[in-house]
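Enquirer:
There are 2 protein chains.
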Amino acid sequence: MSDGLARTLFALSDSNRLKIVELLKTGPLPVGEIAAQLRLNQPQTSKHLKVLLEADIVRIEPVANRRIYHLRTEPFQGLTAWSQSFEQQMISRMTRLETYLEQKQNAVNPKE
Amino acid sequence: MSDGLARTLFALSDSNRLKIVELLKTGPLPVGEIAAQLRLNQPQTSKHLKVLLEADIVRIEPVANRRIYHLRTEPFQGLTAWSQSFEQQMISRMTRLETYLEQKQNAVNPKE
DNA sequence: TATCTATATACCCTTTAAGGAATATTCCAA
DNA sequence: TTGGAATATTCCTTAAAGGGTATATAGATA
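Quick mapping for you: the protein sequence lines, in order, are chains A and B. So the first sequence is numbered by this note's numbering: it starts at 1 and just counts up by one. So the second sequence is numbered by this note's numbering: it starts at 1 and just counts up by one.
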């Protein structure tokens, strides 16, 4: 599995960064807006954004004086795919187990 | 968004824990097996498993002397749902933006 | 009961993360 | 070109994480 996944997960594992990401979900915003809406200090906000940037979760669109932060779609697609592969594999393992148990049961207690 | 999400993400954000989870994806295992297969010391393995346990990512099935760790499905379902909600919302925002730009374009440069 | 195996916990050490405050940088406008 | 707004970076301090080693605990068995 790619090492980048751990980085993605780590970037999202801080509650303030999670809030930032939830906020950006509603649309791109400059740093000052993010800080204001979440009641964070500007320096911490920049620092958290840097972590998100290095994890490729956000991108920057410079507009004049400001830097508009946009959410990227790729990491979420990757996260969804990864997470779904667990669901699928676990479900298929359980199904196989049930099938096995049914067969075993039928062998002990045959219907006919 | 639930505070548990950050905990889930944090538990998964360490590369050794990620390896443990990937390993358990193939089936439940006792601590010793996990440690052996991943070349981890037993104490660190137990510690990582504790983090995963507290994040409700695994559960324990005690069998005689040993403790079999199982992956839970719920956190992955939650993660998938959360991540998908981002994809959806981002795609729908982009679609609305495109629609808006098209209309704007049509107003400036009408077809008829 | 004494012992062996599997696992968890405690303690120590080093590294890293996160917040606060101050400062540097960048870009714009007068 | 000087000043001001927006943002990034630095430095400091504190807290927490992760690894290593030793030890404690729980259950099985002789």
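Backbone N, C-alpha and C fix where the C-beta goes; we use that ideal spot for every residue, glycine too.
Would you mind telling me which residues of chain A sit closer than 7 Å to B:E87, beta carbon to beta carbon, in chain order?
Expert: Residues of chain A passing the Cβ test: T73, F76, Q77 and T80.
Enquirer: Would B:L101 be called buried (16 or more neighbouring beta carbons within 10 Å of its own) or exposed?
Expert: Exposed, since its Cβ has fewer than 16 Cβ neighbours within 10 Å.
Enquirer: List the residues of chain A that B:G4 touches, going by C-beta distances under 8 Å, in chain order.
Expert: Near B:G4 there are no residues of chain A at all, since even the closest Cβ is about 11 Å away, more than 8 Å.
Enquirer: Could you give the uninterrupted runs of the beta strand (DSSP E) lying entirely in the segment 28-83 of chain B, keeping only those of 3 residues or more?
Expert: As far as the segment 28-83 of chain B is concerned, its whole beta strand (DSSP E) runs of at least 3 residues are 58-63 and 66-71.
Enquirer: So, is the C-beta of A:L40 closer than 8 Å to a C-beta in chain B?
Expert: No, its Cβ sits nowhere closer than 8 Å to a Cβ of chain B.
Enquirer: Near A:V63, which residues of its chain fall below 8 Å by C-beta distance, leaving aside the five closest residues on each side in sequence?
Expert: Result list for A:V63: P30, in chain order.
Enquirer: Across the segment 60-80 of chain B and the segment 15-32 of chain B, are there enough close Cβ pairs to call them in contact, namely three or more that are closer than 8 Å?
Expert: They touch, by the three-pair rule.
Enquirer: In chain order, what residues of the same chain have a beta carbon less than 6 Å from the beta carbon of B:A35, not counting five sequence neighbours either side?
Expert: Same-chain partners within the cutoff: Q42 and T45.
Enquirer: Quick check on B:Q84 - is its C-beta less than 8 Å from some C-beta in chain A?
Expert: Chain A, which has a Cβ nearer than 8 Å to the Cβ of B:Q84, makes this yes.
Enquirer: So what does DSSP say about A:S13, is it helix, strand or coil?
Expert: In the structure shown, A:S13 sits in coil (DSSP, three-state: anything other than H, G, I, E or B).
Enquirer: Excluding sequence positions up to five away, which residues of its chain have a Cβ less than 6 Å from the Cβ of B:E112?
Expert: Only weak support is given to the placement of B:E112: the predicted model assigns it a pLDDT of 46, under 50, and the value that follows is read from those uncertain coordinates. Within the same chain, B:E112 has no close Cβ partners at all.
Enquirer: Does the contact criterion of 3 or more C-beta pairs under 8 Å hold for the segment 48-57 of chain A versus the segment 90-108 of chain A?
Expert: Segments in contact, no.
Enquirer: Report the rounded CA-to-CA distance for B:S103 versus B:N109, giving the unit in angstroms.
Expert: It is Gln, not Ser, that sits at residue 103 of chain B in the sequence shown. Their backbone Cα atoms lie some 10 Å apart in a straight line.
Enquirer: What does the Cβ neighbour count give for A:R17, buried or exposed, with the cut at 16 atoms within 10 Å?
Expert: Classification of A:R17: buried, given that the 10 Å Cβ count is 16 or more.
Enquirer: Quick check on B:K104: does DSSP put it in helix, strand or coil?
Expert: The answer is helix: DSSP assigns B:K104 an H, G or I state.
Enquirer: Could you confirm whether any beta carbon from chain A is found closer than 8 Å to the beta carbon of B:P14?
Expert: Here residue 14 of chain B turns out to be Asp, not Pro, going by the sequence shown. Yes, its Cβ sits closer than 8 Å to a Cβ of chain A.
Enquirer: Is B:G27 close to chain A, meaning its C-beta is less than 8 Å from at least one C-beta of that chain?
Expert: Chain A, which has a Cβ nearer than 8 Å to the Cβ of B:G27, makes this yes.
Enquirer: Taking Cβ-Cβ distances shorter than 7 Å, what residues in chain A pair up with B:L9?
Expert: Those within 7 Å of B:L9 in chain A are L9, L12 and S13.
Enquirer: Within 10 angstroms of its Cβ, does A:A11 collect 16 or more other Cβ (buried), or is it exposed?
Expert: Counting Cβ neighbours within 10 Å, A:A11 comes out buried, since at least 16 surround it.
Enquirer: What distance in whole Å lies between the Cβ atoms of A:L24 and A:V58, which are believed to be in contact at a cut-off of 8 Å?
Expert: Indeed, because the Cβ distance is near 7 Å, the residues count as touching under 8 Å.
Enquirer: Is the Cβ-Cβ distance between A:F76 and B:F86 less than 8 Å?
Expert: Contact flag set, yes.
Enquirer: According to a CB-to-CB cut-off of less than 8 Å, which residues of the segment 49-60 of chain B neighbour chain A?
Expert: Flagged: no residues at all.
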